[in-house]
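Asks: Please see the structure below; I have some questions.
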Amino acid sequence: MKSLGVIETRGLVAAIQAVDAACKAAGVTCMGYRKVGSGLVSVCFEGEISAIHTAVECGVAAIGADRCVHSLVIARPEQSVVATLRTLKGRDALKSPKALVQKPAPAPALKPIPEQKTAQKPEIAPDPKPTPSPQASTSLPPSSPAQVTGNKDDKTTTKKGKKA
């Protein structure tokens, strides 16, 4: 271990938020957490010193000043400190993530279905000349322009098209 980072929060949810933001922000590993008492939770990280600084800053920023009690970065922790932190909760689950993921049950082997011989339908050639439908043969006379009745000064006349 090269560096140690600690974030102390009010509540477990804030600690989870801090760990999530810290681990996403930098290449650090969460060592575990400890419930201190009175709703305080401390989470510890290990990694390179620059990554620890970035992770702790992002973790504190993610939870806000009201839920963060204190944060700490130790560049080269003493071996006795590291030995004490080995008893943190959640350390075993973090070291072996495969234990958390359950393997799905293997699918049963499928037996091949024997091919059945079926009678083939004869292919029908398409008709080269399509027959016109009876509706298409009827034609409509071209439409005539609207007829205007009355005087040009009469405003009740109906005209279609552009306004004059």
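In numbering that gives the first Met the number 0, the protein residues as written are 0 to 163.
We put the CB at the ideal spot given by N, CA and C, even for glycine.
Between which two residues does the beta strand (DSSP E) carrying L84 extend?
Replies: Taking the first residue of the sequence shown as position 1, residue 84 is located at position 85. Careful: L84 lies outside any beta strand (DSSP E), inside the alpha helix (DSSP H) at Q78 to L84.
Asks: Identify which residue in V55, L39, L84 and H52 has its Cα closest to the Cα of R66.
Replies: Residue 66 sits at position 67 when you count from the first residue of the sequence shown. The shortest C-alpha separation from R66 is found at L39.
Asks: Ordered along the chain, which non-local residues of its own chain (more than five positions away) have a Cβ less than 6 angstroms from that of V18?
Replies: On the sequence shown, position 19 is the one that residue 18 refers to. So the qualifying residues of the chain are C29 and V42.
Asks: I'd like the list of long-range same chain contacts for G31, defined as Cβ closer than 8 angstroms, with 5 residues on each side in sequence excluded.
Replies: In the sequence shown, the residue the question calls residue 31 occupies position 32. V42, C43, L84, L87, K88, G89, R90 and L93.
Asks: Can you check which of these residues, G63, P76 and A13, is closest to E45 by C-alpha distance?
Replies: Residue mapping note: residue 45 aligns to position 46 of the sequence shown, counting from 1. Residue P76 is the option with its Cα nearest to E45.
Asks: For A21, count neighbouring C-beta atoms within 10 Å of its own C-beta (all shown protein chains included) and say buried if the count is 16 or more, exposed if not.
Replies: Taking the sequence shown and counting its residues from 1, the one referred to as residue 21 is at position 22. The residue in question, A21, is buried, as its Cβ has 16 or more Cβ neighbours within 10 Å.
Asks: Give me the Cβ distance between H69 and E7, rounded to the nearest whole Å; I'm assuming they're in contact under 8 angstroms.
Replies: Residue numbering aside, residue 69 sits at position 70 when the sequence shown is read from its first letter. Residue numbering aside, residue 7 sits at position 8 when the sequence shown is read from its first letter. Confirmed, Cβ separation roughly 5 angstroms.
Asks: Short of 7 angstroms in beta carbon distance, which residues of its chain neighbour Q16, apart from the five on each side in sequence? Order them along the chain.
Replies: Stepping through the sequence shown from its first residue, residue 16 is reached at position 17. For Q16, where only same-chain residues beyond five positions count, the Cβ hits under 7 angstroms are A61 and I62.
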